[in-house]
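By UniProt numbering, the letter at position 100 of the sequence shown is numbered 100, and the numbering carries on one by one without gaps. For every residue, glycine included, the Cβ atom is placed at its ideal position computed from N, Cα and C. Please read these numbers as outputs of a predicted model, since none were measured by experiment.
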Amino acid sequence: MQQENTVVTISNLLSIVLMGSLYKNKLLDFEEVLVEMGWVIKVLRTLGASVFENDVRSSVERVLVVHRSMVTLDKDKKLRLVSSALREVDSGVQMNMKGHILKAQTMVSAVPIVQLQLYVNPVLHYLVPPAILYLIVRRGSIEKGELQSTYKDIRRMLSNEFYHLQENEDRTFNKALEYCTQNQVVVASGTTFSDGTDQRLQDLLQWARAVKRVQELVEERGLHPYCLSLEAAGNCLQGLVMAGAAARRKICGRTDN
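Now the structure itself:
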């Protein structure tokens with residue numbers, strides 16, 4: 001019920017647009033940001049979100065002041081994420097920290113994006129079902145029955161990260177499938193579904209994806225720093241256990257997956 005009544009704010013919208021530009025490694029100027037936000041508003045409203053924004057320009061200008069420590073326009077009027085200050089964690093604090101101690105440079109890069117992701121997260125309730133459908137179909141043409149079965153397996157596996165009511169899943173699946181086909185995210189040929197042609201929507205839905213190793217991957221391969229979240233990693237492991245893809249066992253009083 002809380003998810004269904006979520007009101008999308010201008011901060012959520014700006015964060016989605018900025019995260020998308022980071023994902024594509026393309027800076028947007030202020031006017032391009034406004035155009036992208038107008039498009040995202042249209043997408044979210046179609047998916048059932050409540051968005052009460054009529055004067056996007058003035059709202060964005062206000063948010064850029066309120067959140068100036070997180071997002072800003074540079075001298076060329078391009079929207080940028082503000083980096084954290086570089087600082088080392090002293091040994092006393094490290095002794096009380098849980099998990100792997102991240103490098104200072106990793107924190108500079110990761111913390112701002114994790115903070116930004118927190119503003120994106122409330123909107124994922126609307127984007128996750130069509131995103132899962134698209135990612136399944138993207139692997140290759142698939143019959144509707146298999147598509148729905150795979151969709152349900154993934155939803156169950158991600159239930160700790162993206163909560164949903166099981167009794168509503170058939171309706172949610174059908175609504176997401178209808179949205180994807182109507183908007184050319186996927187195309188139907190009888191009961192078979194395959195990759196569609198709307199690259200812009202596909203890009204939006206696609207990026208809707210042991211910490212030391214993750215740190216190395218983040219630094220070396222440009223993966224999303226949200227992977228560094230211990231809570232997200234824990235939810236992922238729980239989902240794998242629930243799906244039967246991983247087993248939980250106790251070794252010397254310690255629970256391992």
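Which same chain residues end up closer than 7 Å to residue i when comparing Cβ atoms and leaving out the 5 residues on each side of it in sequence?
i, result
"residue 213", "Note that residue 213 scores 41 on pLDDT, short of 50, meaning its location in the model is unreliable and no value can be drawn from it."
"residue 8", "44, 49, 50, 51, 123"
"residue 148", "173"
So the candidates are the options; which of them puts its Cα closest to the Cα of residue i?
i, options, result
"residue 193", "200, 185, 199", "185"
"residue 167", "158, 181, 152", "152"
"residue 205", "132, 145, 171", "132"
"residue 124", "161, 142, 146", "161"
"residue 128", "55, 158, 41, 144", "158"
"residue 201", "191, 181, 190", "181"
"residue 56", "39, 190, 72, 174", "39"
Can you tell me whether residue i is helix, strand or coil according to DSSP?
i, result
"residue 192", "strand"
"residue 178", "helix"
"residue 29", "strand"
"residue 185", "coil"
"residue 143", "strand"
"residue 241", "helix"
"residue 24", "coil"
"residue 247", "coil"
"residue 149", "helix"
"residue 160", "coil"
What residues match up with residue i in a beta bridge as DSSP calls it?
i, result
"residue 50", "7"
"residue 73", "79"
"residue 16", "Answer is none; residue 16 lacks a bridge partner."
Would a C-beta distance cut-off of 8 Å place residue i and residue j closer than the cut-off?
i, j, result
"residue 64", "residue 37", "no"
"residue 179", "residue 46", "yes"
"residue 195", "residue 137", "yes"
"residue 275", "residue 44", "Nothing can be reported for residue 275: it is not among the residues displayed for the chain, which extend from 1 to 257."
"residue 16", "residue 120", "yes"
"residue 81", "residue 18", "yes"
"residue 130", "residue 188", "no"
"residue 70", "residue 117", "no"
"residue 183", "residue 170", "no"
"residue 32", "residue 41", "no"
Note down, in chain order, each residue of its chain lying with its Cβ closer than 8 Å to the Cβ of residue i, except the 5 sequence neighbours on either side.
i, result
"residue 150", "136, 142"
"residue 140", "194"
"residue 77", "29, 30"
"residue 59", "10, 53"
Hey, does residue i have any beta-carbon neighbour from chain D nearer than 8 Å?
i, result
"residue 203", "This model lacks chain D altogether, as it is built from one protein chain only."
Could you name the residues of the same chain whose beta carbon sits closer than 6 Å to that of residue i, not counting the 5 residues immediately before and after it, in chain order?
i, result
"residue 20", "none"
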